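A.B. asks:
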Amino acid sequence: MRINDTKFDLALANSGLTIGQAADRAGISRQRYTTILNQKRVTPQAAGKIAKGVGVTVEQIIEAEN
Numbered sequence: 001m002r003i004n005d006t007k008f009d010l011a012l013a014n015s016g017l018t019i020g021q022a023a024d025r026a027g028i029s030r031q032r033y034t035t036i037l038n039q040k041r042v043t044p045q046a047a048g049k050i051a052k053g054v055g056v057t058v059e060q061i062i063e064a065e066n
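Laid out in structure tokens, this is it:
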């Protein structure tokens with residue numbers, strides 16, 4: 001599973017939050033949140049935390065797998 005950078009950026013912009021605020025909403029540190037975003041592949045749990053931070057579903061921020 002991979003987070004789509006463009007989809008995430010749009011979700012973050014629509015939420016009106018900063019990365020730090022999104023991390024707080026997800027219940028993890030800003031550093032951990034950024035680390036997850038920069039990973040090539042993420043676990044379903046990590047994707048869930050990222051999505052929760054910006055108030056969207058996981059499906060809205062992941063790349064479609066071929």
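Using UniProt numbering, you'd call the opening residue of the sequence shown number 1 and step up by one each time.
Beta carbons are placed, not taken as given, at the ideal position from N, Cα and C, and that holds for glycine.
All figures in this text were calculated on a predicted structure; none of them were measured in a lab.
List the endpoints of the continuous alpha helix (DSSP H) containing SER15.
C.D. replies: The residue you call residue 15 lines up with position 15 of the sequence shown. It spans 5-15 - the alpha helix (DSSP H) in which SER15 sits, taken as one unbroken run.
A.B. asks: Among the residues of its own chain, which have a CB less than 6 Å from the CB of LYS52, if the five just before and after it don't count?
C.D. replies: The residue labelled residue 52 in the question sits at position 52 within the sequence shown. So the qualifying residues of the chain are ALA26.
A.B. asks: Name the DSSP bridge partner or partners of ILE62?
C.D. replies: Taking the first residue of the sequence shown as 1, we reach residue 62 at position 62. In the DSSP output, where bridge partners are listed per residue, ILE62 has ILE3.
A.B. asks: Do you know how far the Cα of ARG30 is from the Cα of ASP24?
C.D. replies: As a first step, residue 24 is located in the sequence shown; it is residue number 24 there, counting from the start. As a first step, residue 30 is located in the sequence shown; it is residue number 30 there, counting from the start. Rounded to whole angstroms, ASP24 and ARG30 show a C-alpha spacing of 7 Å.
A.B. asks: Leaving out five residues before and five after LYS40 in sequence, what residues of the same chain have Cβ atoms less than 7 Å from its Cβ?
C.D. replies: To locate residue 40, count along the sequence shown from 1; it is residue 40. So the qualifying residues of the chain are ARG2.
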